[in-house]
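Peer 1:
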Ligand code: ZN
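Numbering (the numbering used here), first residue to last: 8 to 380.
1. Which of the three DSSP states, helix, strand or coil, is assigned to residue 261?
2. Between which two residues does the alpha helix (DSSP H) containing residue 4 stretch?
3. Rounded C-beta distance between residue 166 and residue 192? I'm assuming under 8 angstroms.
4. Return the CA-CA distance between residue 19 and residue 66, expressed in angstroms with no decimal places.
5. Looking at ligand 1, does it come within less than 8 angstroms of residue 206, judged from the CB to the closest heavy atom?
6. On the criterion of 16 or more Cβ atoms from any shown chain inside 10 Å, does residue 11 qualify as buried, or is it exposed?
7. Does at least one heavy atom of ligand 1 sit under 8 angstroms from the Cβ of residue 166?
8. Quick check: the Cα distance between residue 182 and residue 35, rounded to an integer number of angstroms?
9. Cβ of residue 212 versus every heavy atom of ligand 1: is any distance shorter than 8 angstroms?
10. Less than 6 angstroms between C-beta atoms, sequence neighbours within five positions excluded: which residues of the same chain meet that for residue 269?
11. Can you confirm whether the segment 246 to 255 touches the segment 225 to 234 when touching is taken to mean that 3 or more C-beta pairs between the two stretches lie within less than 8 angstroms?
12. Assign residue 41 to one of two classes, buried (16 or more other C-beta atoms within 10 Å of its C-beta) or exposed (fewer than that).
13. CB of residue 148 to nearest heavy atom of ligand 1: below 8 angstroms?
14. Put residue 147 into one of helix, strand or coil per three-state DSSP.
15. Excluding the five sequence neighbours on either side, which residues of its own chain have a C-beta within less than 7 angstroms of the C-beta of residue 94, listed in chain order?
16. For residue 152, verify whether its CB is less than 8 angstroms away from any heavy atom of ligand 1.
17. Any idea if residue 129 is buried or exposed, counting beta-carbon neighbours within 10 angstroms, 16 or more meaning buried?
18. Excluding the 5 residues preceding and the 5 following residue 124 in the sequence, name in chain order all residues of the same chain whose CB lies nearer than 7 angstroms to its CB.
19. Taking residue 33 as part of the beta strand (DSSP E), name the residues at either end of that continuous run.
20. Relative to the alpha-carbon of residue 205, which residue among 265, 189 and 243 has its alpha-carbon at the smallest distance?
21. Alpha carbon to alpha carbon, how far is residue 38 from residue 16? Give it in angstroms, no decimals.
22. Would you mind reading off the limits of the beta strand (DSSP E) that contains residue 114?
23. For residue 289, which residues from the same chain have a beta carbon less than 6 angstroms from its beta carbon, with the 5 sequence-adjacent residues on both sides left out?
24. Pull up the distance between the alpha-carbon of residue 30 and that of residue 43, whole angstroms please.
25. Considering only C-alpha positions, which residue in the set 295, 302, 350 and 349 is nearest to residue 329?
26. Take the Cβ of residue 215 as the centre, count every other Cβ of all protein chains shown within 10 Å, and call the residue buried at 16 or more, exposed below.
27. Using the beta-carbon count (16 or more within 10 Å), is residue 343 buried or exposed?
28. Determine the direct distance from the alpha carbon of residue 319 to that of residue 310, and round the result to whole angstroms.
29. With residue 238 and residue 245 assumed to form a contact (beta carbons below 8 angstroms), what rounded beta-carbon distance in angstroms separates them?
30. Which full runs of the beta strand (DSSP E) of 3+ residues lie inside the segment 128 to 210, going along the chain?
31. Helix, strand or coil for residue 18? Go by DSSP, reduced to three states.
32. With a threshold of 7 angstroms on Cβ separation, who are the neighbours of residue 115 within its own chain once the five nearest residues in sequence on each side are excluded?
33. The beta strand (DSSP E) with residue 256 in it runs from where to where?
34. I'd like to know if the segment 129 to 148 and the segment 270 to 289 are in contact, where contact means that at least 3 CB-CB pairs between them fall below 8 angstroms.
35. Sort out for me which residues DSSP pairs residue 221 with in a bridge.
36. Just verifying my parser: in three-state terms, what is the DSSP assignment at residue 13?
Right under this line is the structure:
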């Protein structure tokens, strides 16, 4: 049984990314679902355990300094069980390989996520939008030093700046010295004895600010825009994480989006559908002339090429599809009724006891219509 670094096949100075990569590769190899070898399950377990420890900076630091992931308190108990080498402690204690100095107070901040609602028009063309964000920012009073201006951190009395303390432990090999994070300074090696008033020694404060963001044309609900270094500032002047802006597009009263196409409904009177007419439709690109041909049927689609949503990646735009809705008159007076009956008679459409008898076959027409939906 070897140490967690050997289990993952990485060096002690491996970066988080290298550790993740190594773990993925081994986990795929030994996962019980794909590997039914005798020791695969055991290997998978130890690989996963090693990754759990080394992927967590806090746990890794403890592991590096003490040789086990639980700190020194039960280090002796784990001495043989966890299989770490005596040499690890020896080196740590006497300044061999793997030794780490005091932990930096300054760390990168976390990424932040906010949701921004936009109108469909902004999704079609893109827009600059002013948003309000609240994140941690580096404290303006102490500029991230955490100390009251004019003062500075003092070296920790307990660990003398190393961030680590040595403790004698009894073990099967007799008394050995182990190294643990200094509880007095939390491993930083220094103490903020006179903390900044504004941030109470954190080096950062919460702050609201407005930001103008560029929303590219073609975004949709769920699109995330990444703004580098606009997230949470890290503690003690640490660099900020990224800000992710997630887009939600409001429903539009007139247009429905489907992919990069837009759909709209245009109502025309029955007579206009029969006789044909010229209309205009108000679109995101202004008023567009629409030609209703004589004999236009309900549900017909008129395609306005290139008047849809801009493609997010690439060039050009989707289409605007105008669905024709034919308005059948619902309130007619006696004169209109008489005219319609005359029209029906002229067209040879005869009513028989309330039923319309047609020559074309009603079901055939219904099928045509459904086919268009
Ligand atoms: Zn401050």
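No residue lacks a Cβ here, since even glycine has one placed at the ideal position from N, Cα and C.
It should be emphasised that the depicted structure is a prediction, and the values quoted were computed from it without experimental measurement.
Peer 2: Here's the rundown:
1. coil
2. Residue 4 cannot be examined here, being either before or after the span of the chain that is shown, 8 to 380.
3. 6 angstroms
4. 14 angstroms
5. yes
6. buried
7. no
8. 42 angstroms
9. yes
10. 262, 315 and 327
11. yes
12. exposed
13. yes
14. coil
15. For residue 94, the predicted model reports a pLDDT of 40, less than 50, meaning its position is unreliable; a value from the coordinates is still stated below. No residues qualify anywhere along the chain.
16. yes
17. buried
18. 255 and 257
19. Element bounds for residue 33: not the beta strand (DSSP E) but the alpha helix (DSSP H), 23 to 37.
20. 243
21. 17 angstroms
22. Run containing residue 114: none; DSSP gives neither H nor E here.
23. none
24. 19 angstroms
25. 295
26. exposed
27. exposed
28. 21 angstroms
29. Residue 238 to residue 245, Cβ: 11 angstroms. No contact.
30. 134 to 145, 171 to 178 and 181 to 188
31. coil
32. 241, 245, 246 and 248
33. 250 to 256
34. no
35. 135
36. helix
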